[in-house]
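*Asks:* The numbers in the UniProt record's numbering rise by one with no breaks, and the one at position 345 of the sequence shown is 345.
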Amino acid sequence: MRFPRSFIGSGIIFSRIGFALLEEAFISFTPSIESLNIVGATILVATDDFVGVHIAANSLAKDLQEITEVESEVKNVTTNSTLLANTRVKSLKSAIIVGSVNSSLIRHLSTNDVIDVSEIQGWEMFKTSVISNPMRGVEKALVIVGSDKRGTIFGIHTLAEQCGQSPYHWFADIPAQRHSAIFAESRRTIHGPPTVKYRGLFINDEEPALTTWWSARHNSTHYPLNTEFYAHVFDLLLRLKANYLWPAMWKSWTPPPGNIFFTDDPGNMQLADDHGIVISTSHHEPMQRATNEWNETETGPWDWTKNKENVTKFMDEGIRRMGANESYITLGMRGPGDSALEGSNAIEILKEVFEVERGIFKKYFGEKKVNQVWTIYKEVATYYAAGLNPPDEVTIIMPDDNHGQVQRLPTGNESEREGGVGVYFHFEYFGSPKSYKWSNSNNLPKVLKELTHAFLRNANRIWVINVGDIKPMELPFNFAMDIAWNASRFSFEMIPTYLQLYAEREFGPEHAEEIAGLLLEFSHLIGMRRFEMVHSGTYSILNYHEAETVLARWTSLADQTKALYTIMSEELKSAYYQLMFYPIVSGATYYSIAIGIGRNHQSVMERRNSANTIAQQVLVDFDYDYDLIEGFDSLLNGKWKHIMSQAKIDAVTEQPRNWANPSRDMAANLSFVQLRQNMQFSQGNMGIYAEGSTSPINQGRWAESIDASMPTEGYGAVLPVMDPYGPAVRTVDLFMRGDFRVPISWKLDAIPVDWLSIAPISGTLSQDQYDQRLNVTIDWDRVPKGTNETIEVGITSEPSPYPYFDLIRIPVRNHRVTEGFNGFPETAGLISIEAPHFQHSSPPSLSSNSTTVNGTVAFAPIYYLGTRSESGSLALRPYLSSRSSLSSSTAAYVSYSIYVFTPQPALNATIYLNAFLDTDPQLLSQFSLTLDDAPATFTRVLGDPKNAGDVPPEWMGEITNQVWTKKVSLGIVKNGQHRLVWRTNSPEVYLEKIVLDFGGVRESYLGPPETTLVGQSEIHTVRRS
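The structure is reproduced here in structure tokens:
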């Protein structure tokens, strides 16, 4: 085994890739043989080409002028003769010719053998080439030819992006990167067809942020999402090579009824068609009608069994109004307000609904094929599982569980249906068990995992991503659309490279590597748990320094982000604030508030004076959180005012609709101690906290066993066991718990052994420093072999009628593994192993994107995908081969060598699996974890849902954790070396961590950090930054 290459700072791994992320470059900023300088080039487009091509060509002219500060003229032409009808017109030295294959201009070039269009006969393809004398009056031209309308548009926008214009030039205010010379390279490039035929976004849950922002932008309490708004949305989609939209549709009572794409501005539909955007509607809005168009007062209940005639008329009007605009029509019917269908037999009702809907199609379209889609969302998935199946030409969209786990993927011949299969995926959600609408909380490796599975299983007809308000989902949506365009380019290993390319496109090359590192760390931290699910008790304050470590990582990330902001050019600061500063710094602030409340609670129970300081800091952070929002509001003279207005800080209390986002931020449950009051005399004003100990809490209430002149009994400061394989440093906190006006001096007694060190050995607690940390270390080379004792170090503090005396107890165990052992020794009563750090793999391990190695199925480290692991996870590869060969999958294994010092009558293990759902009813996920030579014993990961097609019973209680945890009993284990063996039957089971409990595992959210791996110089690991 060897270290994989670190991608941050390693340069670009794909040859000739430009700013268009992972797209083959045809633009350079230095000349090469036969290249063409296109600065100031005239853009030629056929008069008879699509409206969308003309829109894109004019956008290109503006983009190039922003980039080069030289005007590029757009000329509409039809044939070579019309270009130079006036013979006095000077010949063009350089031109950019753009067009679709059926435009008169491209047909002219093709007929005259100037270009070969046979290479781009597929869906949404384009090619580029530099051609000398392509037509009369043009000496040299960059020619961009699209196979169809959108193929041409994508080619035009790709040129703009490679030249220096970001797709987020409007939605994130990315300034164009300036270049005085831009060269089109002479070689031919071919792009497309896309991996996913229709791909785009769903604007959803847009109140209070997006609608409030848009209305305020127009000085109104409510302003419709009109063509002005959607022109920006369509521009963004096309620049990201997307083509599909579920428009905004959230209900509103101020004023009612809410957003209606089709009537808020009658020009919306035509504008979409002109641009080339395919309009559909969400999973509960059939037949091109918005939910908010239904007026129950006028037309009765939205109920098929009670009001079929009016519902049918409503549907009919949607299809009539749609006309010839390119659309994808949602079929079926759900209940009112995103609820289940009303009626005693939903399946039979839906069969009838399908028939009526298809009758409407025949009325307006005859036998012409119509794009139709049915989304098996929530309860509808149970109807599909029960046998309800729409006609073959209907696309079936299989959704995730609203929290990022795809719930079902094609099996058998499902992917061969004429209409194909798609995926509906959430980047935000309003619903149980907890809403997450505020900020980007989408872990990129997790997104890649789920969407790659969909790609490999041929769920590739439609991908629609619920992005909420669009902002602040810029990065994950860009990522998803790039996967949808060309999924074969992606692997887990290249995520850092992708982020570096993204950073370079948005902010230039100077700080791209550093920004990529920050984004990678941000992605990892948000992958542990979504923001709104984090509360004061999520991360352990007591154990493993968990809360402290997580907060320190967030703080470091925020500090680095702030430092970059100070040196960012003024031109880039607004964009940097939107894409980097606000998401990261506000995320760190959110964590500081949540963990601060937890620390306050812990400290006040220990009667620490610092509890008040922590509470005050929480209020400072709470205020700073709103400063950050106002900072966003002030950008660019208020362009984005209110876009980050979603409240998110809530109290963890039982209340109706606790799953919903709060309507206003609140900081709750802060507690204080009386600073002028002394602790009860028998306990003294100085407390001692040994890491992981509850003794200070126990001392928070008087205990009669405590004598001020003697060591505490039963409430003492006892550290976890220290041994050669545990943490190098253990910590003890001394803290003030009395009258803040009276300083406390303390000092340690002489340490009784020369191999133990504690620093510092004396000090003073005062209102300037309520707490002081001691670091305990051991020089293991000097510890006598076989030492197994508790070292007691006395500590005295004063003033008082007489010095208070207590003990710090340090259990020391100097046990050693046998010589030559490679693996994980038991330490402090546990072993914690990150999945990629195995000692043996059979067959030999593969890479995460392996396709086939002589038919071999084996485990592969999956880098960067881990919520409980810093090194990634482990899964079977190749994905499709392991699905098709159950015997090969279950025969493959990895093993971990462990060394036991504490024999167990029944050793218990906890495994952490990256959250997923069983996407194949015929391949339910199983795992086996055994010891030594015990035979494999496979156990289901997830239980059976109440109804087929629904989520499993574990879902409601565990999904917010981002992992499944499973307990395994490994039976009797003796001292010495053993072998832990891992197997699974499915490539969708991603193992993150295994924890063995020898009596020392303590409660925590992330589980114990990985323990020491000895005797192995090379392991499967990655560097995050």
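Ideal placement from N, C-alpha and C gives every residue a C-beta, glycine not left out.
Within 10 angstroms of its Cβ, does residue 253 collect 16 or more other Cβ (buried), or is it exposed?
*Replies:* Residue 253 is exposed by the Cβ-count criterion.
*Asks:* Buried or exposed: which applies to residue 735, given that a residue is buried once 16 or more other Cβ atoms fall within 10 Å of its Cβ?
*Replies:* It is buried - the Cβ of residue 735 has at least 16 other Cβ atoms within 10 Å.
*Asks:* Determine the extent of the alpha helix (DSSP H) in which residue 553 is found, giving its start and end residues.
*Replies:* 546-567 is the extent of the alpha helix (DSSP H) around residue 553.
*Asks:* If I'm right that residue 620 touches residue 670 with Cβ under 8 Å, what's the distance once you round it to whole angstroms?
*Replies:* Actually they do not touch by this definition, with Cβ atoms about 12 Å apart.
*Asks:* What is the residue span of the alpha helix (DSSP H) that residue 879 lies within?
*Replies:* Unbroken alpha helix (DSSP H) run through residue 879: 879-884.
*Asks:* Taking the straight line between their C-alpha atoms, what separation do you get for residue 815 and residue 450?
*Replies:* Computed Cα separation, rounded: 44 Å.
*Asks:* Quick check: residue 659 and residue 433, are their CB atoms within less than 7 Å of each other?
*Replies:* Contact flag set, yes.
*Asks:* Quick check: what's the CA-CA separation for residue 751 versus residue 957?
*Replies:* The alpha-carbon atoms of residue 751 and residue 957 are separated by roughly 48 Å.
*Asks:* What number of angstroms, rounded off, separates the C-alpha of residue 704 from the C-alpha of residue 683?
*Replies:* Unreliable placement is indicated for residue 704, whose pLDDT of 40 sits below 50; the coordinate value is still reported in the next sentence. Their backbone Cα atoms lie some 10 Å apart in a straight line.
*Asks:* Please list the segments of the alpha helix (DSSP H) lying wholly inside the region 48-117, counting only runs of 4 or more residues, in order along the chain.
*Replies:* The region 48-117 contains these whole alpha helix (DSSP H) runs: 51-68, 80-83, 104-111.
*Asks:* Ends of the alpha helix (DSSP H) at residue 135?
*Replies:* It is not in any alpha helix (DSSP H) - residue 135 instead sits in the beta strand (DSSP E) that spans 126-135.
*Asks:* Quick check on the DSSP output: what are the complete alpha helix (DSSP H) runs of length 4 or more inside the region 873-947, in order along the chain?
*Replies:* List check, alpha helix (DSSP H) in window: 879-884, 886-891.
*Asks:* At which residue ranges does the region 434-510 contain complete beta strand (DSSP E) runs of 3 or more residues, listed in the order of the chain?
*Replies:* Fully enclosed beta strand (DSSP E) runs of 3 or longer: 462-468.
*Asks:* Inspect the beta-carbon positions of residue 911 and residue 831 and report whether they are closer than 7 Å.
*Replies:* Their beta carbons are not under 7 Å apart, which means residue 911 does not touch residue 831 by this criterion.
*Asks:* Can you check DSSP and say which residues form a bridge with residue 258?
*Replies:* The partner list for residue 258 (beta bridge, DSSP) reads 251.
*Asks:* By Cβ distance, which residues of its chain are closer than 7 Å to residue 213, with the 5 residues on each side in sequence left out?
*Replies:* Within the same chain, residue 213 has close Cβ partners 640, 641, 642, 643.
*Asks:* If you follow the alpha helix (DSSP H) that residue 307 is in, where does it begin and where does it stop?
*Replies:* From DSSP, the alpha helix (DSSP H) with residue 307 extends over 304-322.
*Asks:* What does the alpha-carbon distance come out to for the pair residue 962 and residue 902?
*Replies:* Each residue's Cα considered, the two are about 32 Å apart.
*Asks:* Would you mind sorting residue 946 into buried or exposed? The rule is 16 or more other CB atoms within 10 Å of its CB.
*Replies:* It counts as exposed.
*Asks:* What's the C-alpha gap between residue 455 and residue 216?
*Replies:* If I take the Cα positions, the gap works out to 41 Å.
*Asks:* So residue 179 and residue 67 are supposed to be a Cβ contact under 8 Å. How far apart are they, rounded?
*Replies:* 6 Å between Cβ atoms; contact.
*Asks:* By the DSSP assignment, the alpha helix (DSSP H) with residue 591 in it spans what residues?
*Replies:* Counting along the chain, the alpha helix (DSSP H) containing residue 591 begins and ends at 582-605.
*Asks:* Leaving out five residues before and five after residue 175 in sequence, what residues of the same chain have Cβ atoms less than 6 Å from its Cβ?
*Replies:* Excluding sequence neighbours, residue 175 sits near 571.
*Asks:* If you reduce the DSSP assignment to three classes, tell me which class residue 686 lands in.
*Replies:* Of the three classes helix, strand and coil, the one that applies to residue 686 here is strand, per DSSP.
*Asks:* Locate the beta strand (DSSP E) running through residue 624, then write down its first and last residues.
*Replies:* Note, residue 624: premise wrong, no beta strand (DSSP E); alpha helix (DSSP H) at 610-633.
*Asks:* Using only CA atoms, which one of 492, 907, 980, 667 lies nearest to residue 1032?
*Replies:* Any question about residue 1032 goes unanswered here, given that the chain covers just 1 to 1025.
*Asks:* Go through its chain and collect everything with a Cβ distance to residue 894's Cβ below 6 Å, but skip five positions before and after it.
*Replies:* Contacts found: 838, 841, 859, 982.
*Asks:* How about residue 687 and residue 737: do their beta carbons lie closer than 7 Å?
*Replies:* Yes, the Cβ-Cβ distance between residue 687 and residue 737 is below 7 Å.
*Asks:* Nearest by alpha-carbon distance to residue 948: which of 803, 978, 917 is it?
*Replies:* Measuring from the Cα of residue 948, the nearest candidate turns out to be 917.
*Asks:* Starting from residue 804, trace the beta strand (DSSP E) both ways and give me its first and last residue.
*Replies:* Looking at the DSSP string, the run of the beta strand (DSSP E) that includes residue 804 is 804-813.
*Asks:* Give me the Cα-Cα distance between residue 133 and residue 142, rounded to the nearest whole angstrom.
*Replies:* For residue 133 and residue 142, the distance between alpha carbons rounds to 11 Å.
*Asks:* Can you tell which of 952, 595, 628 has the C-alpha that lies nearest to the C-alpha of residue 615?
*Replies:* For the residues 952, 595, 628, the minimum Cα distance to residue 615 belongs to 595.
*Asks:* Taking the straight line between their C-alpha atoms, what separation do you get for residue 767 and residue 540?
*Replies:* Whole-angstrom Cα-Cα distance: 27 Å.
*Asks:* Can you give me the Cβ contacts of residue 392 inside the same chain, cut-off strictly under 7 Å, excluding the 5 residues immediately before and after it?
*Replies:* Hits under 7 Å: 417, 418, 419.
*Asks:* Going by C-alpha distance, which of 345, 763, 672 is nearest residue 743?
*Replies:* For residue 743, the nearest C-alpha among the options comes from 763.
*Asks:* Which of the three DSSP states is assigned to residue 961 in this structure?
*Replies:* Looking at residue 961 - three-state DSSP - the assignment turns out to be helix.
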